[in-house]
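Undergrad: Just so you know, the sequence shown maps onto residues 5 to 762 in our numbering. Okay, handing you the structure first.
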Amino acid sequence: MRICGRTSGPLTAAATMLMCLAATGPAFGQAGEGVIDLTPMLELMPPGATGSLPPEVLPEDDVADPPATADVEAGDDASDDAASDEAAAAEVDLTDDGVMAYLPVQIRSTPDETATIATDTARRLRFRSASGAGITRITGERGIDTLHIFIANPGEAEAITLSLRSSVALLPDRSFLILTLNDTEIGRIDPTAFADFTTVTLPPDGLVEGENRLVVEARQHHRIFCGAEATFQLWSEIDLAASGVDLRPSSGLLSEAHFRQDLMSAALSTGRVTLLEPEPMPDALFDDLQRRLPALAGGLPVVLAAQNPFDPLDGIGTDARLAFLPSAGDRIALRQGADGAIVLTFGPDVLPDAFDRYLPAPLAPADHPAAPPDLTVPLSQLGQTDIDMFNRYERVDIPFVLPEDWLLSSAQSARLDLLYRYADNLPRNGLLLVKVNEATIRLLPLAGEPGIVLPLLPIRFPARLMEPGVNLLTFETIVPGDPPDRPCPPIEGPLVEIFSESALTIPASPSMAYPSVATVLRRLGPQDISSSGSDASLADAMSRELVPLAGTPDDGIAQVLLLGLDTLDVGRAEAMGLTLLQIEEALLPGPAVQQAPPPSDHGLFARGMEFYETIRVNLLEMAWPGDPPIERWIVGRTGRALLVVPDAAAPFEVWMVAAPGVDPDWLAQQLSRARFEVTGPKAQGALLREDGTWERWRPRLQPPIVLGQLGPRDLRTAAGNFASWSPALFVALMAVFLSISVLAGLLFVNRTRSGRKR
């Protein structure tokens, strides 16, 4: 008697089932005593199951490349019955590249890439928004959000679906949404959903092949109030998870466009792309795929999630996916999974260029526009068009980048030439604030000459407000209600207009800088990351996230050394200016320990020492502005990662210690995001906090570093930078020069008088 389970040969599904039921299983029905009626079981079997191999076949590695006649080797456990084996092998359908047609459902193949695929059910492609996945919100009296989607065949689109919800503060009679598809208005929607999301369906007539752009413009009015505070009560939301383009059941070609369309939808809806991986693939191949995926989602993070192809799919439906076939060599092809999904299969020897047909190229992060010093740079050169501000409170940020060797710390002035106008009938206390790196440089009243373009207004501000790297120019409107407890009066057009002809002029600087972690991160590439006792997953995550910025020099001088807290030695800790205990207390915060206050001493000597210490600290801060040594600065601070430039003489080398158990992907994303933020780690040391913000350490005793040759024109400015770093040193030097001048004058007077007496 044969035991049911794995048979000794490639039996058909029907034969295996019949033997199992006959040997061990109960009958579904009995035609008579000793006779088993299998008709109900056979009726439940799928069509064609009696003449083909079941999905649970041997792994691909057990199958050799077949000749043109599609013969199959039986393997070590071949059946003794040669005739039975030949009959079973003749039923196995193999493609011309040696991949079995009846692989598990995840990586079933089709004979060629021109096959027709059929979808039996409707599907929905997801929108992409710059605000991210999930629910996107449009706030204020007027706001815009742009949704993107890639369509392979517009003829398959059945409808455009939006899931919307609005604030109850909206006045329905005067509020509406304008929908514009590819620069053509396709509809206006009145807000009616104030509690739960409501689905709105629009015709797909304006969709085109390739990239499509749906602009949602909200025009919203308050029921009761008016003013800057009331602006935040006006909002409309779009649930991107329940919105998209619905595709009707149809048939189409197995094409690269359809694959990219479905893979993009999977990346946007789940934030991940499934990779079927029966065994680990080469690291270089995995990293190349991971770097390509964010381009599918417009730069949003996408995880390449590997799983075994013989495990059940994790609820991803018919989303497109990738499959690594170890025996496929250098072959790459599109196939259809048995569930209808499009699968890109490839082998370990595939060159990275072969993916260009199917996946977007790795997305090099675009840096913010540069503002060259010693030139007048209009806002249009910083990527900014005319700014129309419609909201009672509105903020517009314009980031720009200064060279990493730009440093002005003394009294030099920069200038903003502002060209603007504001609407009529605004309250007298309306304001326009102009800021640089969150410092207000001018406060302009919106009253006096409304409705006309005002003369060019030069606004001078201290250049020391700016830093090397990313800076921020901000325009902020605050227009209160008049009165605030009534709806706002209708105003046609924007409240404030700022024209792109407005220009920024930044003075030149000698080639100087302070050691900065941010400078190293901005120049960093995957090859510049090394590890010493740190978790390898952190190095891999940083290599994926910290791709070089477009236009940054690739000279290899920037280096980041990852140090594990469990293997950090005393020597490296001391090189960072810390002890092992101080690093552990900062990265392994425990419950706060209440220490007993020291016994108070009200004696004359104790009060004198306290007074002396206070005077000493104040004089030190006046003489050398900045932070105390790092061993004092770090006391009481906690975070998830500590980054330090240990040697100011090597300003492009950073050591990083991460807290144990920190999510490598989260930490790598924070480091990558810090390269584009004004509040990033622009200092010799930085501590990344739990909420993703940075605390900077800039030691007061570290002078600026001269990075290049100083010309005669640079000496005065360089002296000003050193004087700003240490006013005490500047005063001391001036006193020395003054003393030398006085002594020289006295000697000259004394000698001339002595000559006259003779």
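Beta carbons: idealized from backbone N, C-alpha and C, even for Gly. Computed from a prediction, not measured in an experiment: that's the story for all the values here.
Proline 629 and arginine 704 look like a contact to me (Cβ under 8 Å); what is the Cβ gap, rounded to whole Å?
TA: 6 Å
Undergrad: Going by DSSP, what residue range makes up the beta strand (DSSP E) through phenylalanine 180?
TA: 180–185
Undergrad: Suppose the cutoff is 6 Å on Cβ atoms and the five residues either side in sequence are ignored; what does the same chain contact list for serine 413 look like?
TA: Arg468, Asn725, Ser728
Undergrad: Look at proline 708 and serine 513 and say whether their C-beta atoms are less than 8 Å apart.
TA: Taking 8 Å as the Cβ cut-off, proline 708 and serine 513 do not qualify as a contacting pair.
Undergrad: Who are the Cβ neighbours of glutamine 237 in its own chain at under 7 Å, not counting the five residues just before and after it?
TA: Ser171, Ala173, His226.
Undergrad: Using the rule of at least 16 other Cβ atoms within 10 Å of the residue's Cβ for burial, across every protein chain shown, is alanine 748 buried or exposed?
TA: exposed
Undergrad: Please confirm whether leucine 244 and arginine 127 have their CB atoms less than 8 Å apart.
TA: no
Undergrad: Tell me whether the beta-carbon of aspartate 250 lies closer than 8 Å to the beta-carbon of threonine 165.
TA: yes
Undergrad: Which residues in the same chain as threonine 380 place their Cβ atom closer than 6 Å to its Cβ, once the five residues preceding and following it in sequence are excluded?
TA: Listed in chain order, the non-local C-beta contacts of threonine 380 below 6 Å within the same chain comprise Ala507, Thr509, local neighbours out to five positions each way being set aside.
Undergrad: Taking contact to mean 3 or more Cβ pairs, one atom from each stretch, closer than 8 Å, check whether the stretch 329–341 and the stretch 289–309 are in contact.
TA: no
Undergrad: Less than 8 Å between the beta carbons of isoleucine 242 and valine 219, yes or no?
TA: no
Undergrad: DSSP three-state label for serine 743, please.
TA: Three-state result, serine 743: helix.
Undergrad: So for leucine 567, helix, strand or coil by DSSP?
TA: Secondary structure at leucine 567: strand, using DSSP grouped into helix, strand and coil.
Undergrad: In terms of alpha-carbon separation, which member of Gly351, Leu422, Gly303 lies closest to leucine 383?
TA: Leucine 383 has its Cα closest to that of Leu422, out of Gly351, Leu422, Gly303.
Undergrad: Below 8 Å, how does it come out for the stretch 178–197 and the stretch 445–454: are there three or more Cβ pairs, yes or no?
TA: no
Undergrad: Look at the alpha carbon of proline 208 and the alpha carbon of alanine 358, and state the distance between them as a whole number of angstroms.
TA: Going from the Cα of proline 208 to the Cα of alanine 358 covers about 34 Å.
Undergrad: Alpha carbon to alpha carbon, how far is leucine 737 from leucine 367?
TA: 52 Å
Undergrad: If we ignore side chains and look at the alpha-carbon of each, how far apart do phenylalanine 752 and glutamate 471 end up?
TA: Going by the C-alpha atoms only, they are around 47 Å apart.
Undergrad: Since phenylalanine 764 and tyrosine 424 should fall inside the 8 Å C-beta cutoff, what is the C-beta to C-beta distance between them, to a whole number of angstroms?
TA: The structure shown does not extend to residue 764, since the chain is modelled only from 5 through 762, so no value can be given for it.
Undergrad: I'd like to confirm the pairing. Which residues does DSSP put opposite glutamate 398 in its beta bridges?
TA: Thr481
Undergrad: Is tyrosine 362 helix, strand or coil when you go by DSSP?
TA: coil
Undergrad: Tell me whether proline 685 is buried or exposed, calling it buried when 16 or more other Cβ atoms sit within 10 Å of its Cβ.
TA: buried
Undergrad: Helix, strand or coil, according to DSSP, for isoleucine 495 in the structure here?
TA: coil
Undergrad: Helix, strand or coil for tyrosine 518 per DSSP?
TA: Here tyrosine 518 sits in coil by DSSP.
Undergrad: DSSP three-state call for histidine 372: helix, strand or coil?
TA: coil
Undergrad: When you compare only the Cα positions, how much space is there between proline 44 and proline 316?
TA: Only weak support exists for where proline 44 lies, its pLDDT of 48 falling under 50; the value from the coordinates is given anyway. C-alpha separation (whole angstroms): 27 Å.
Undergrad: Taking aspartate 323 as the reference, give the member of Pro330, Ile346, Pro305 with the closest Cα.
TA: Ile346
Undergrad: At 4 residues or longer, what runs of the alpha helix (DSSP H) sit wholly inside the stretch 680–718?
TA: none
Undergrad: If we count the other Cβ atoms within 10 Å of its Cβ and call it buried at 16 or more, is aspartate 544 buried or exposed?
TA: buried
Undergrad: Per DSSP, what are the beta-bridge partners of arginine 130 in this structure?
TA: Answer is Gly248.
Undergrad: Could you compute how far the alpha carbon of proline 655 sits from the alpha carbon of aspartate 532?
TA: 14 Å
Undergrad: Consult DSSP for histidine 152 and reduce its assignment to one of helix, strand or coil.
TA: strand
Undergrad: Mapping DSSP to helix, strand and coil, what is glutamate 215?
TA: strand
Undergrad: Is the stretch 267–285 close to the stretch 324–332, with three or more CB pairs under 8 Å?
TA: yes
Undergrad: Out of Trp659, Glu398, Asp651, Glu215, state which residue places its alpha-carbon closest to the alpha-carbon of leucine 565.
TA: With distances taken between Cα atoms, leucine 565 lies closest to Trp659.
Undergrad: Please name the residue, chosen from Asp334, Leu476, Leu750, that lies closest to leucine 420 on a Cα-to-Cα basis.
TA: Leu476
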